[in-house]
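Residue numbers (the numbering used here): 10 to 387.
For glycine and all other residues, C-beta sits at the position ideal for the given N, C-alpha and C.
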C-alpha cells in the first residue's frame, strides 16, 4: 500500500480509502446491507493496508454508519481513520449540530470521529450554516474531542470552493475528480488551491460512479489497447488520479473482494508523477474520444437557465450523453427517474423557446428534451 502525508497534519494515510456508499446489499434494497459480506470486505481492505474508511449519515438509507461501526469492532477501530459527514441540509438551528453529531457517534458506536465533514457544501448551504454558527460548533467539537479533524465535501463552482477553503482552518476537503471531470466543480484549479493551503484533498467519484470502470465503448478500448503497459479501465482511471501529487487519497466504493484486491494492487504502484509520456498521451486520447461520443453538444454554460418551467436543461443533456459515452442506459435512467426532482426533468418542458434564444450553441433544445425523456423516462 502507498501512503501519503495528510496535508498539514503529522501523519500519513493510505492513498486508497474505503468508501461505504456502495456496499453489497440484499433484495435490491439499499438499506438492507449484506452485513457478513460488507464487514468482510472492509476488514480485508484494512488487513491489506487501507487505513481510511469513509461513510455518511444518509448512505444506504441511514444504515451505512451502523454497518461501519460493526466492521470496526474486534480491534479494527484502532487501525483506521474514520470519516463521516454531517447532514447539513437537516440543520435548522444551532442545537441541531450537536444533535446529529451525537446521533452519529451513537450509530457508529465510537467515542470520537477522526475526520468529520460538512456534507455536500454549496454556496447556499454554507451561507445558511454560517448564519447559524457552524465554525463555533466545529471549534467546540474539536475542543471536546468528539471530532479530531474538520473538513467538508463539495458540489458547486470553483469560486465558491475557494471561498469555503479560506473561511475556516480546515484540515481537509473532499471533491469530485476524475479524468472526465478535470474542470468540473472544484476541478484541477480547486485541487491545486486546496493543496497550496495545506489541506489534505480526498477524491470522490474517481471512476465517475463506476462508469469509467465498466466495459468502455469499443472506440475507447481500442486506444487503451495501443498502450505498451496494459491496464484495466479502472486501473487507468485510478492511476490518472493518483498521478497528481496534490491528491492525498481517493475513495472507492468496493463491493467485491476482486475490486478490493485490484484497487490495492493499483494503489501500490500508482505513485505521484509516475505516468510516462506514453501514458499521458493515451489518457488524453481516451478523454478526447469520450467527448467525441457526445450526442448533444451542450457546454453547460447555463445561459439557458433559469428555465421558466424549472427544467435543469444541462443536467438532462448530461445524463443523455452518458448513455452513449459510457454505455450506461440503466444508470442514466435510474438517475433521471429517481434522483432528479420531477419539475427538473425534460418532461416538464412547456416549449416556450426562451432557452433556444439564449443558447450560444444554437441547440434545438425543445426537440432534444423530448429525445431525452423518450430515452430516459420510465
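Terminal residues of the alpha helix (DSSP H) in which residue 268 lies: Taking the first residue of the chain shown as 1, we reach residue 268 at position 259. Residues 266-278.
Straight-line gap, residue 354 to residue 341 (C-alpha atoms, nearest Å): Mapped onto the chain shown, residue 354 falls at position 345. Mapped onto the chain shown, residue 341 falls at position 332. Each residue's Cα considered, the two are about 12 angstroms apart.
Buried or exposed (CB count within 10 angstroms, at least 16 for buried), residue 347: On the chain shown, residue 347 is found 338 positions in, with the first residue counted as 1. Counting Cβ neighbours within 10 Å, residue 347 comes out exposed, since fewer than 16 surround it.
Three-state secondary structure assigned by DSSP to residue 70: As a working note, residue 70 is residue 61 in the chain shown. Of the three classes helix, strand and coil, the one that applies to residue 70 here is helix, per DSSP.
Residues near residue 185 by beta carbon distance below 6 angstroms, same chain, minus five either side: Locating residue 185 in the chain shown gives position 176, counting from the first residue. 194, 213 and 214, listed in sequence order.
Inter-residue spacing [alpha-carbon to alpha-carbon] between residue 252 and residue 366: Locating residue 252 in the chain shown gives position 243, counting from the first residue. Locating residue 366 in the chain shown gives position 357, counting from the first residue. So the alpha carbons of these two residues sit roughly 42 angstroms apart.
Limits of the alpha helix (DSSP H) - the one that residue 230 falls within: Looking up residue 230 in the chain shown gives position 221. Where residue 230 is concerned, the enclosing alpha helix (DSSP H) stretches over 227-234.
Candidates 125, 177 and 115: closest to residue 135 by CA position: Taking the chain shown and counting its residues from 1, one reaches residue 135 at position 126. Per the Cα distances, 177.
Cα-Cα separation, residue 188 to residue 229: Position 179 of the chain shown, counted from the start, is the residue given in the question as residue 188. Position 220 of the chain shown, counted from the start, is the residue given in the question as residue 229. Near 13 angstroms, if we compare the C-alpha coordinates of residue 229 and residue 188.
Residue 276 beta carbon less than 8 angstroms from that of residue 24: Counting from one through the chain shown, the residue named residue 24 turns up at place 15. Counting from one through the chain shown, the residue named residue 276 turns up at place 267. Yes, the pair counts as a contact, with Cβ atoms nearer than the cut-off.
Per DSSP, the bridge partner or partners of residue 322: Your numbering for residue 322 matches position 313 in the chain shown. For residue 322, which the question treats as bridged, DSSP gives no partner whatsoever.
Three CB pairs or more closer than 8 angstroms across the segment 129-146 and the segment 69-79: no
Where the alpha helix (DSSP H) containing residue 293 begins and where it ends: The residue given as residue 293 occupies position 284 in the chain shown. Element bounds for residue 293: 286-301.
CB contact flag (residue 29, residue 62, <8 angstroms): Taking the first residue of the chain shown as position 1, residue 29 is located at position 20. Taking the first residue of the chain shown as position 1, residue 62 is located at position 53. Yes, the pair counts as a contact, with Cβ atoms nearer than the cut-off.
Neighbourhood of residue 190 by C-beta, 8 angstroms cutoff - its chain only, sequence neighbours within 5 removed: As a working note, residue 190 is residue 181 in the chain shown. Once the five neighbours on either side are set aside, the close Cβ partners of residue 190 are 196, 214 and 217.
Reduced DSSP secondary structure (H/G/I, E/B, other) of residue 122: Locating residue 122 in the chain shown gives position 113, counting from the first residue. It is a strand residue.
Inside the segment 158-227 only - alpha helix (DSSP H) runs reaching at least 4 residues: 167-176 and 196-205
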